[in-house]
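Q: Numbering (the numbering used here), first residue to last: 1 to 167.
(1) Within its chain, find whatever has a CB closer than 6 Å to the CB of residue 158; leave out the 5 residues flanking it on each side and keep chain order.
(2) If you run the structure through DSSP and keep just helix, strand and coil, what is residue 44?
(3) Under 8 Å by Cβ, that's how I've got residue 110 and residue 134 pegged, so tell me the actual separation to the nearest angstrom.
(4) Assuming residue 115 contacts residue 97 (C-beta within less than 8 Å), just tell me the rounded distance between them.
(5) Use the C-beta contact count for residue 68: other C-beta atoms within 10 angstroms, 16 or more gives buried, fewer gives exposed.
(6) Could you pull the start and end residues of the alpha helix (DSSP H) that residue 133 belongs to?
(7) When burial is assigned at 16 or more other CB atoms within 10 Å of the CB, is residue 152 buried or exposed?
(8) Closest to residue 131 by CA distance: which of 137, 139 and 122 is it?
(9) In this structure, how does DSSP classify residue 122 when only helix, strand and coil are distinguished?
(10) Start and end of the alpha helix (DSSP H) containing residue 93?
(11) Out of curiosity, what's the CA-to-CA distance linking residue 141 and residue 103?
(12) What three-state label does DSSP hand residue 150 in the structure shown?
(13) Using a Cβ cut-off of 8 Å (strictly closer), state whether residue 140 contacts chain D.
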């Protein structure tokens, strides 16, 4: 006859009840199972040491946050991370790195835009007009757009990298 109960440390213990009598305290054997319980079908308790040896080369130091490596990635890799890892900390890290490389995200077109190097756009308080490079995720290429009007209110604001995003 088996009875399961919770001990003071809320560890499941198994009480073995031998010939039942009014004086249960004389017939109860109690032992904590969390350290030695292998299976209800096992004849022997589990051992603490594993049956195998793990070579030291398998023990690795903790990895650096992926955001540190973003500087080493190509723009195409950053675009891949941004478009294919939505709602992930890596997407935020890729966006921060693209902003560092002078790319800006157009909210309405949902495309990354960058001024064409060596050109000077016509600027006003609300927009600028000039030649831009747009990354097209559908064709996975950079396309030059001449005489493009870029309204500042359609550009996503640069956001700071959250402190815990790289964990």
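The beta carbon of each residue, even a glycine, is placed where N, CA and C say it ideally should be. Quick caveat: nothing in here was measured; it's all calculated off a predicted structure.
A: Straight from the coordinates:
(1) Sequence-distant partners of residue 158 (beyond 5 residues in either direction) whose C-beta falls short of 6 Å from its own C-beta, in its chain, are 99.
(2) Correct three-state label for residue 44: coil.
(3) In this structure residue 110 is not in contact with residue 134, their Cβ atoms being roughly 11 Å apart against a cut-off of 8 Å.
(4) Contact between residue 115 and residue 97 does not hold, since the beta-carbon distance rounds to 18 Å and is not under 8 Å.
(5) Exposed is the call here.
(6) It is not in any alpha helix (DSSP H) - residue 133 instead sits in the beta strand (DSSP E) that spans 127-136.
(7) Residue environment for residue 152: exposed (fewer than 16 other C-beta atoms within 10 angstroms of its C-beta).
(8) Checked all of 137, 139 and 122; the closest Cα to residue 131 is 122.
(9) Here residue 122 sits in strand by DSSP.
(10) From DSSP, the alpha helix (DSSP H) with residue 93 extends over 89-100.
(11) Going by the C-alpha atoms only, they are around 14 Å apart.
(12) Reduced to three states, the DSSP call for residue 150 is strand.
(13) Any reference to chain D falls outside this structure, which holds one protein chain only.
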